[in-house]
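Okay, so the sequence shown: first residue is 42 according to the working numbering, each after it adds one.
Where is the CB? At the ideal position from N, CA and C, for every residue including glycine.
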Amino acid sequence: MNKLLKGWLIAIALFANGAVWADTQPGKNYSLLNPAQPASTKKIEVLEFFFYGCSHCFHLHPLLSKWEQTMPKDVELTFVPTVFRDSWEPMANTFYALDSMGQQKQLHDVLYRAWNEENMALTDVDKIADFVAKHGVDRAKFTAAYNSFAMQSKVTRAKQMIRSYNISGTPTLVVDGKYVIEGLQPEDTIRALKEVIVMARKAHRS
């Protein structure tokens, strides 16, 4: 009797896993990027194209952050600030300036809250510099980094990626340069991300 029950439980588990896997398919949970883009790491690359003022990015952010804390060791998450219009560019500069100073992670949540909870449109460099200074960032060093040629080059690279990856909205996740996840609810986005990573891992091993 116990063996029979165990057999049923295994069958149910396999069916459930198969049902979840069947749900992850092109056109439903993800699309295929054509042409695919080369990854910049030997790990499974996950890119998040985002904008701090995007409410959908803001709602995904807590779940993505939680996932990041326990993501597999063979996965690498990279944030790409998206610039669809001129008013978005200051946040791209801000992201890369803070990153060069080793303080991007420290202010990532703060910037999201500023835009989405405090209704602060941080689009002017002086206003941004004042804001980050209030959160422990050296104002002069930040301003210098913000206006540097290196930051402009990184923003230019981000813009090129937006075109190469055919990004049309935020947030958009791209796994290994070919699996695109967009337009889902936050929970479904993370679920699809986990399943697509399994697919990418199998592709790495083949």
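Helix, strand or coil for Ser194? Go by DSSP, reduced to three states. Taking the sequence shown and counting its residues from 1, the one referred to as residue 194 is at position 153. When DSSP states are grouped into helix, strand and coil, Ser194 belongs to the helix group.
Expressed to the nearest angstrom, what Euclidean distance is found between the alpha-carbon atoms of His176 and Lys168? On the sequence shown, position 135 is the one that residue 176 refers to. On the sequence shown, position 127 is the one that residue 168 refers to. So the two alpha carbons sit approximately 13 Å from each other.
To which residues of the same chain is Ser96 closer than 8 Å at the C-beta, ignoring the five residues directly before and after it? The residue given as residue 96 occupies position 55 in the sequence shown. Only Asn157 meet the Cβ criterion.
Under the three-state reduction of DSSP, which class applies to Trp62: helix, strand or coil? Within the sequence shown, residue 62 is the residue found at index 21, counting from 1. At Trp62, the pLDDT of 38 sits below 50, so the modelled position is not reliable; the number obtained from the coordinates is stated separately. Helix, per DSSP.
Jot down the residue ranges of each uninterrupted alpha helix (DSSP H) in the region 100–166, minimum 4 residues, whole runs only, in chain order. Entirely contained in the region 100–166, the alpha helix (DSSP H) runs reaching 4 residues are, in chain order, 130–141 and 145–157.
Under 8 Å by Cβ, that's how I've got Ile238 and Pro113 pegged, so tell me the actual separation to the nearest angstrom. Counting from one through the sequence shown, the residue named residue 238 turns up at place 197. Counting from one through the sequence shown, the residue named residue 113 turns up at place 72. Right, the Cβ-Cβ distance comes to about 7 Å (below 8 Å), so this counts as a contact.
According to the neighbour-count rule (16 or more other Cβ atoms, all chains shown, within 10 Å of its Cβ), is Glu86 buried or exposed? Reading the sequence shown from its first residue, position 45 is the one you call residue 86. Around the Cβ of Glu86, a 10 Å sphere holds 16 or more other Cβ atoms; the residue is buried.
Assigned exposure category for Ala60 - 16 Cβ within 10 Å defines buried: For the purposes of this step, residue 60 is taken as the residue at position 19 of the sequence shown. With a pLDDT of 36 at Ala60, under the threshold of 50, the modelled position of this residue cannot be trusted, and the question is left open.
For Tyr187, does the three-state DSSP call read helix, strand or coil? The residue given as residue 187 occupies position 146 in the sequence shown. In the three-state scheme derived from DSSP, where H, G and I count as helix and E and B as strand, Tyr187 is classed as helix.
According to the Cβ coordinates, are Glu117 and Thr82 closer than 8 Å? Along the sequence shown, read from residue 1 onward, the residue named residue 117 stands at position 76. Along the sequence shown, read from residue 1 onward, the residue named residue 82 stands at position 41. Cβ atoms of Glu117 and Thr82: closer than 8 Å.
For Asn188, count the other beta carbons within 10 Å of its own beta carbon; 16 or more makes it buried, fewer makes it exposed. Which is it? Here residue 188 refers to the residue found at position 147 of the sequence shown. Asn188 is exposed by the Cβ-count criterion.
In or out: His245 buried (at least 16 other Cβ within 10 Å) or exposed? The residue labelled residue 245 in the question sits at position 204 within the sequence shown. Exposed, by the Cβ-count rule.
Compute the Euclidean distance between the alpha carbons of Pro227 and Met142, then round it to the nearest angstrom. Numbered from 1 along the sequence shown, position 186 holds the residue referred to as residue 227. Numbered from 1 along the sequence shown, position 101 holds the residue referred to as residue 142. Between Pro227 and Met142, the C-alpha separation is close to 30 Å.
Whole-angstrom distance between Leu74 and Ala241, CA atom to CA atom: Here residue 241 refers to the residue found at position 200 when the sequence shown is read from its first residue. Here residue 74 refers to the residue found at position 33 when the sequence shown is read from its first residue. Annotation: Ala241 to Leu74 spans about 14 Å, alpha carbon to alpha carbon.
Use the C-beta contact count for Asn160: other C-beta atoms within 10 angstroms, 16 or more gives buried, fewer gives exposed. If you number the sequence shown from 1, residue 160 lands on position 119. Classification for Asn160: exposed.
Between the region 195–206 and the region 116–130, do at least 3 Cβ pairs fall closer than 8 Å? With contact defined as three or more Cβ pairs closer than 8 Å, the region 195–206 and the region 116–130 are in contact.
Could you have a look at Ser72 and say whether DSSP puts it in helix, strand or coil? Translated into the one-based positions of the sequence shown, residue 72 becomes position 31. In the three-state DSSP reduction, Ser72 falls in the strand class (E or B).
Of the choices Lys195, Pro212 and Leu139, whose alpha-carbon is the least far from that of Phe9? Nothing can be reported for residue 9: it is not among the residues displayed for the chain, which extend from 42 to 247.
Report the CB separation of Phe136 from Pro212 in whole angstroms; it is logged as a contact under 8 Å. Mapped onto the sequence shown, residue 136 falls at position 95. Mapped onto the sequence shown, residue 212 falls at position 171. Contact doesn't hold; Cβ gap of about 14 Å is too wide.
With distances taken between CB atoms, is the gap from Val221 to Ser72 smaller than 8 Å? For the purposes of this step, residue 221 is identified with residue 180 of the sequence shown, where counting begins at 1. For the purposes of this step, residue 72 is identified with residue 31 of the sequence shown, where counting begins at 1. The beta carbons of Val221 and Ser72 sit closer together than 8 Å.
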